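What follows is a single structure, written as structure tokens, with notes after it.
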Amino acid sequence: MDHRSQMQSNVSAARRVFPVNVSAVTRPRPSRDGFTLLELILALSLAVVLTVMIGQALTFYVANMETRDLEVRRVQLATSVMKMISDDLKASLTIPEFDDTALTEVLSSAGTGGGGAGGGGGGEEEESSSFLFDVEEEAEPLDTDADLAMATTFLERPGLIGNQYQLMFDISRAPRLEEFQPLLVPTNEGLADVPSDIKTVTYYVQAPGTTGVLDPLSQFSTGQDSPFASGSNGGLVRRQLDRLATQFALDSGNTTSLNMTGDLLAPEVLAIEFSYWDGFMWQIEWNSDEMLALPLAVQIRLTIGQAGSDLQGSDPADSSQVRVFQQIVRLPMGRIVEEDELADEDLSGVGL
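According to UniProt numbering, the stretch in the sequence shown is residues 1 to 352, in order.
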């Protein structure tokens with residue numbers, strides 16, 4: 001009993017020294033609730049959906065801006081090419097055939113008067129003088145369906161000849177100052193041009209992979225030494241060469257070097273078409289030697305593909321890959337050819 005009473009007294013003394021809150025000991029601690037599995041799955045799903053939506057929005061913005069940039073570049077390219085062709089066509093010229101009707105009448109009247117005074121021998125003199133001005137050498141008609149890029153056809157007088165896909169004409173411009181400086185042109189890059197006031201300009205689309213006009217940038221874009229291996233030499237070609245130099249190369253048979261002469265303007269151009277307005281209807285071919293004049297206007301249709309696209313894999317008929325630009329250029333020296341003029345030309349060819 002003494003031992004138990006002593007323990008109780010010690011406990012009582014300890015409680016007095018260290019008071020204990022019984023309610024705090026018996027009350028349970030508050031628990032912190034976490035996310036359930038369903039809530040975790042929903043949160044992760046919302047995060048994934050939000051991330052995908054943000055990525056799609058950024059992708060759509062980048063693709064839209066890239067498409068707009070390509071369209072702007074394509075429009076600027078078409079504008080530049082159209083302006084170049086328009087400026088060249090506006091500078092085209094033609095030299096009309098000499099009309100000796102008035103001179104023949106004057107000489108005939110003078111010969112008739114002299115023949116009346118001299119007697120019967122004047123008839124032979126009058127006949128010989130008329131033959132002197134009336135006889136013309138009959139020229140062979142030029143084939144407008146020939147390949148103008150190979151320069152197998154040449155006009156007798158400065159003018160214009162073209163078909164639906166190729167155009168060659170003569171322009172008159174004063175030579176620039178830099179044209180008088182001698183430049184060394186490698187033999188594998190075509191013929192060397194000389195300063196002159198009459199140039200022969202040719203426009204055509206070169207098929208990709210051909211050995212014609214070379215693209216100087218193809219070897220840098222493909223990393224190859226030879227641009228022949230790249231197969232990317234297709235596009236719109238513009239050749240400007242002196243008229244007499246063109247005629248000399250054609251007469252001497254140097255068509256290979258002539259075919260390699262020119263500048264590759266735009267590899268993005270897939271096709272080009274020309275139409276010629278004679279004052280009544282559109283023609284798909286023109287020859288100023290036969291028509292005796294330049295057309296009143298020339299219609300240009302330019303088909304341009306996407307920048308950097310492969311010309312071999314692009315379809316000009318696919319509207320989703322290409323875009324067609326059209327422009328009508330009026331020629332200042334063009335005129336309407338009357339039917340009686342063409343009839344007189346046909347009769348003069350047979351000596352009537």
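Ideal Cβ positions, reconstructed from N, Cα and C, are used throughout, including at glycine. Just so you know, these numbers come straight off a predicted model, no measurement behind them.
Under the three-state DSSP convention, the category residue i falls into
{"i": "Thr104", "result": "helix"}
{"i": "Asp215", "result": "coil"}
{"i": "Leu40", "result": "helix"}
{"i": "Thr94", "result": "coil"}
{"i": "Leu177", "result": "helix"}
{"i": "Gly209", "result": "coil"}
{"i": "Met53", "result": "helix"}
{"i": "Gln76", "result": "helix"}
{"i": "Leu155", "result": "coil"}
{"i": "Arg68", "result": "helix"}
{"i": "Ser172", "result": "strand"}
{"i": "Leu302", "result": "strand"}
{"i": "Leu160", "result": "strand"}
{"i": "Val322", "result": "coil"}
{"i": "Gln6", "result": "helix"}
{"i": "Leu167", "result": "strand"}
{"i": "Val81", "result": "helix"}
Residue closest to residue i, alpha-carbon to alpha-carbon, out of the options
{"i": "residue 353", "options": "Ser275, Val194 and Asn259", "result": "With the chain covering 1 to 352 only, the question about residue 353 has no answer from this structure."}
{"i": "Leu191", "options": "Val75, Ser9, Gly162 and Phe248", "result": "Phe248"}
{"i": "Asp289", "options": "Arg238, Trp277 and Thr94", "result": "Thr94"}
{"i": "Ser172", "options": "Val194, Leu103, Ala297 and Ala91", "result": "Ala91"}
{"i": "Val329", "options": "Thr67, Met281, Leu296 and Leu270", "result": "Leu296"}
{"i": "Pro331", "options": "Phe60, Leu42, Ile85 and Val49", "result": "Note that residue 331 is Leu in the sequence shown here, rather than Pro. Closest option to Leu331, Cα to Cα, is Ile85."}
{"i": "Glu156", "options": "Glu97, Tyr276, Arg68 and Thr261", "result": "Glu97"}
{"i": "Ala271", "options": "Gly305, Leu264 and Leu292", "result": "Gly305"}
{"i": "Thr255", "options": "Val213, Ile41 and Val49", "result": "Val213"}
Chain-order list of residues whose beta-carbon lies under 7 Å from that of residue i (same chain, five-residue window excluded)
{"i": "Ala266", "result": "Leu77, Val81, Gly235 and Leu236"}
{"i": "Leu241", "result": "Leu191, Asp193, Lys199, Thr200 and Thr261"}
{"i": "Gly253", "result": "none"}
Own chain residues within Cβ distance below 8 Å of residue i, not counting five before or after
{"i": "Arg243", "result": "Pro158, Asp170, Ser196, Ile198, Lys199 and Thr200"}
{"i": "Ala207", "result": "Gly234"}
{"i": "Thr246", "result": "Ala151, Phe154, Thr200 and Leu258"}
{"i": "Glu39", "result": "none"}
{"i": "Leu89", "result": "Phe169, Val298, Val329 and Leu331"}
{"i": "Ala43", "result": "Phe35"}
Close-in-space but distant-in-sequence residues of the same chain around residue i (CB under 6 Å, 5 per side omitted)
{"i": "Glu179", "result": "Pro195"}
{"i": "Gly334", "result": "Leu294, Pro295 and Leu296"}
{"i": "Phe325", "result": "Ala78 and Leu302"}
{"i": "Gln327", "result": "Met82 and Ile300"}
{"i": "Ser275", "result": "Trp282 and Gln299"}
{"i": "Ala110", "result": "none"}
>> Please give the ranges of any beta strand (DSSP E) in the stretch 227-297, keeping only runs that are unbroken, at least 3 residues long and fully inside the region.
In response: Within the stretch 227-297, the runs of beta strand (DSSP E) at least 3 residues long that lie entirely inside it are, in chain order, 235-242, 263-266 and 269-277.
> At a cut of 8 Å, does the stretch 161-168 reach the stretch 281-288 through at least three beta carbon pairs?
Replying inline: At 8 Å Cβ cutoff, the stretches touch.
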